[in-house]
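Notes to accompany the following structure.
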Amino acid sequence: YAQRDARFNAELIGLPGSGFRFDGTRPDRNAALVSAGLDIRFSPAVSLGARFDSELSRSAQSYAGAATLKVAF
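For the working numbering, add 4 to where a residue sits in the sequence shown, where the first one is 1.
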């Protein structure tokens, strides 16, 4: 837990030679992951949805959201 840096090496499977590296920080030891979402179905073919995700800790906060509209025909 004393080491705060993080390094990730990755590559896209379908694209040889696409390797990349990500340098960042590790998340805090005590953090809360919070997610909330809802879906509303207007008819069997149409629905609307939303989602909110967050990571909360003493030293950092991150927020993300998404919305979806599904129409089947």
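Every residue, glycine too, gets a C-beta built ideally from N, C-alpha and C. On a predicted model such as this, the values are computed, not experimentally measured, just so you know.
Reduced DSSP secondary structure (H/G/I, E/B, other) of residue i
i     : result
Glu59 : strand
Arg45 : strand
Gly28 : strand
Ser39 : strand
Asn34 : coil
Tyr5  : Summary for Tyr5: the model assigns pLDDT 49, below 50, so the residue's position carries little reliability; its value from the coordinates is reported in the next sentence. Residue state, collapsed to three classes: coil.
Leu52 : strand
Gly18 : coil
Beta strand (DSSP E) segment containing residue i, residue limits
i     : result
Phe77 : That residue, Phe77, is in no beta strand (DSSP E); it is neither H nor E in DSSP.
Supposed close pair residue i, residue j - CB separation, criterion 8 angstroms
i     : j     : result
Ser61 : Asp32 : 4 angstroms
Asn13 : Gly21 : About 13 angstroms separates the two Cβ atoms, so there is no contact after all.
Environment of residue i [buried if 16+ CB atoms lie within 10 Å]
i     : result
Leu37 : exposed
Tyr5  : For Tyr5, the pLDDT reaches just 49, beneath the cut-off of 50, and the residue's location in the model is therefore unreliable, leaving the point undetermined.
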